[in-house]
Every structure is written in structure tokens, then in C-alpha cells.
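Engineer: Numbering (my numbering), first residue to last: 3 to 235. Just so you know, even glycine gets a beta-carbon here, dropped at the ideal spot from N, CA and C. Since this is a predicted model, take the numbers as computed values, not measurements.
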């Protein structure tokens, strides 16, 4: 009996593939890798600068005087009084200077030999002493005391003419405004002896006393207090 050789199943498959006409081409398709995404680190924008308080213009004192009567309660006035209050709380004349009558304006107003020297030595010197006295009035509560308002008795405002009090120009003056504040839950107040005008703005010129040498608190009271009429200049 004749025996046929055995062909492995794998070989049979190869033979069958070769006998079936032209061989088919196998295409391998590669899927492209997804693009790499790079996340850039974006710096946050710098914080916006805090807006400056709307104080009177810095060069206001060097400009000519006007006859405009100032008004209390304007943004500029409130900013000035905030500066005054900051000076009282910190016992700092530098902090309170934005509320004070400008040196350049004083040099125009006064018909004296050295108005700038008088402004620096007598007026600012007395202002510093009055601020210290008001600071001492607040005592241990100075850090937490809060300004409530500055009440200006506009009915007492009057025009000071040239020739009075060694003045070469006129200005408006208002006496005895009240600085109202709250300390340890209690409403208190003290006075601003005199404010005068320059170009439609009020400025402190005497805080504690018009005639005193400094170191005075004007009429400290519990509550809002009461402004008094005066003919100061």
C-alpha cells in the first residue's frame, strides 16, 4: 500500500495561498499620534492702583484766588477731612497737610515780609501741636476711633476783605466747624477753629485756636457739639 507524506496544516495553508492567483497586498495604516498641547503659563494682570482721593489740585495754591465760596460735603472736601483725621489718629502733621492752607496761597494772601517762613514756623508748627493735642484727646482709642462727619456751619461763613489781618487778598472764612467721631461706641466731637478758602476749596488754617500758640483742642464735647458764630479772619 502506497503512503502519502503528511503535510502540516501550516504548510497547507501556505500552498493554498500561493495557488489562488495573485497574492493580495496587506497595507498597514498607522494612526497619527494626537498633537501635543502645551499650556502656556499666563501671568495674572498686575493689580490696579488704588485711585487717589479727589483732593484739590496740588498746584491750587500757586494759582490766582477766586471769589467762589466753598461748599462742604464735596468729594474734595471729604478727602481733605479724611487726611485731617488720619493726622489726628497718627499724630502726624505730614498726613494732615493735604487739609491745610497751601504755602503758595499764603504767600499770595499775606502782605508781610516773610509769609512762607510764617506759614512754616507759626502756622504749621501750631498745627502740629494741635494735632498732637487732638491725638491725646482720643487716648487709647485712637486706633479704632472712626470719623463720622465734619459739620461746617455755612451760615457763619463770611468774606474777609483785603486790608484786614495783614491780607492783600480776600477769602472766605468759616469758624468752629465740628469734627464728629465715634470712639468705643460713643459719639464725640471737637472743633476746627478756622477754615479759609482758596479757589473754591476750604482749608484748615487754625485747628485748635486762632490766637493760641498751639497744643489746643477746640471745644471737645460729647455728642456733635454746637458751632458758634465768630468774626475771625
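Comparing alpha-carbon positions, which option in 152, 130, 172, 100 lies nearest residue 184?
Structural biologist: That would be 152, whose Cα lies nearest to the Cα of residue 184.
Engineer: Counting C-beta neighbours from all protein chains within 10 Å, is the total for residue 64 16 or more, i.e. buried, or is it exposed?
Structural biologist: So residue 64 counts as exposed.
Engineer: Could you name the residues of the same chain whose beta carbon sits closer than 8 Å to that of residue 2, not counting the 5 residues immediately before and after it, in chain order?
Structural biologist: Given that the chain is displayed from residue 3 to residue 235, the structure contains no residue 2 and the question cannot be resolved.
Engineer: Going by CA-CA distance only, name the one from 223, 48, 200 that's closest to residue 111.
Structural biologist: When only C-alpha atoms are compared, the closest one is 200.
Engineer: Using only CA atoms, which one of 163, 94, 162, 106 lies nearest to residue 135?
Structural biologist: Among 163, 94, 162, 106, the Cα nearest to that of residue 135 is on 94.
Engineer: Taking three-plus beta-carbon pairs below 8 Å as touching, is the region 118-136 in contact with the region 212-229?
Structural biologist: Contact between the region 118-136 and the region 212-229 is present, because at least three Cβ pairs lie under 8 Å.
Engineer: Kindly examine the ligand ZN and report whether one of its heavy atoms sits closer than 7 Å to the Cβ of residue 83.
Structural biologist: This structure lacks the ligand ZN; in fact it carries no ligand of any kind.
Engineer: What residues are listed by DSSP as bridge partners for residue 255?
Structural biologist: Residue numbering for the chain in the displayed model covers 3 to 235; residue 255 lies beyond these limits and cannot be assessed.
Engineer: Return the chain-ordered list of same chain residues with a C-beta closer than 8 Å to the C-beta of residue 48, the five sequence neighbours on each side being excluded.
Structural biologist: Result list for residue 48: empty, nothing under 8 Å.
Engineer: Please classify residue 24 as buried or exposed, where buried requires at least 16 neighbouring CB atoms within 10 angstroms.
Structural biologist: Any reading at residue 24 must be qualified, since the residue scores a pLDDT of 45, below 50, and its modelled position is unreliable; no value is offered.
Engineer: Can you give me the C-alpha to C-alpha distance between residue 212 and residue 51, rounded to a whole angstrom?
Structural biologist: When rounded, the distance between both Cα atoms is 39 Å.
Engineer: Would you mind stating whether residue 109 and residue 118 have Cβ atoms separated by less than 8 Å?
Structural biologist: Closer than 8 Å, so yes.
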